[in-house]
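Just so we're aligned, residue 1 is where the sequence shown starts under full-length UniProt numbering, counting upward by one. Cβ coordinates follow ideal geometry from the N, Cα and C atoms, glycine included.
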Amino acid sequence: MPDFVLHQQLAQDCFNVGSFALTELLMMNDSQYPWFILVPRRHNIREIYQLGQADRQALQSESCLLAEALASIYRPDKLNIAAIGNLVPQLHLHHVVRYQTDKAWPAPVWGKFASLPYAGDQAEQRITQLRSALQMHLIN
1 MPDFVLHQQL
11 AQDCFNVGSF
21 ALTELLMMND
31 SQYPWFILVP
41 RRHNIREIYQ
51 LGQADRQALQ
61 SESCLLAEAL
71 ASIYRPDKLN
81 IAAIGNLVPQ
91 LHLHHVVRYQ
101 TDKAWPAPVW
111 GKFASLPYAG
121 DQAEQRITQL
131 RSALQMHLIN
């Protein structure tokens, strides 16, 4: 997508994991929760309803692929999926693995605690594990 530019805040806060047909897959640099984000490569889209029908279906499909992989890897008590976008207007869909024992449970993770960046090779290990689970679906 020539007009697509990842929002500066997402670029600053996340690691790139890979690409699906429609979306960029990112990982939030917060080691407190396995937290991944899908960003459709579409210019000037803020809400899901603004996507065309085919893109809506692709987003749903890619979200489900990611959710299934996260459920398989992490066995969460709950998987929070949400398009909040109050601070970052670019459409992005959060996928946050939650456990009843996590620091923020049962509240949402957004703004609850300061992020705790990954140390050493923790981020790369988590990214490699997810890429392996999604290898047939990622285009790069």
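Have a look at the options and flag the residue whose alpha-carbon is nearest the alpha-carbon of residue i.
i: V97; options: R42, A54, Q53 and A107; result: A107
i: G111; options: N86, C14 and Y118; result: N86
i: A133; options: I139, I73 and L116; result: I73
i: Y118; options: Q129, Q32, T128 and N44; result: Q32
Determine whether the beta carbon atoms of residue i and residue j lie at a separation below 8 Å.
i: F36; j: L25; result: yes
i: P89; j: R46; result: yes
i: P116; j: D30; result: Inspection of the sequence shows that residue 116 is occupied by Leu rather than by Pro. Yes, these two residues count as a Cβ contact at 8 Å.
i: P40; j: L91; result: yes
i: A67; j: L79; result: yes
To the nearest angstrom, report how far apart residue i and residue j are at their CA atoms.
i: D55; j: L93; result: 14 Å
i: Q57; j: I48; result: 10 Å
i: H137; j: F20; result: 7 Å
i: W105; j: I81; result: 15 Å
i: A71; j: H95; result: 11 Å
i: S61; j: G120; result: 33 Å
i: F4; j: N140; result: 17 Å
i: V17; j: T101; result: 26 Å
i: P76; j: A114; result: 22 Å
i: Q135; j: T128; result: 10 Å
i: Q122; j: Y99; result: 19 Å
Decide if residue i is buried, meaning its Cβ has at least 16 other Cβ atoms within 10 Å, or exposed.
i: C64; result: exposed
i: E124; result: exposed
i: P34; result: buried
i: A69; result: buried
Does the distance between the C-beta of residue i and the nearest non-hydrogen atom of the ligand MN fall short of 7 Å?
i: L26; result: Among the components modelled here there is no ligand, and therefore nothing to report on the ligand MN.
Would you say residue i faces chain D, with C-beta separation under 8 Å as the test?
i: S61; result: Checking the listed chains, one finds no chain D in this structure; it contains a single protein chain.
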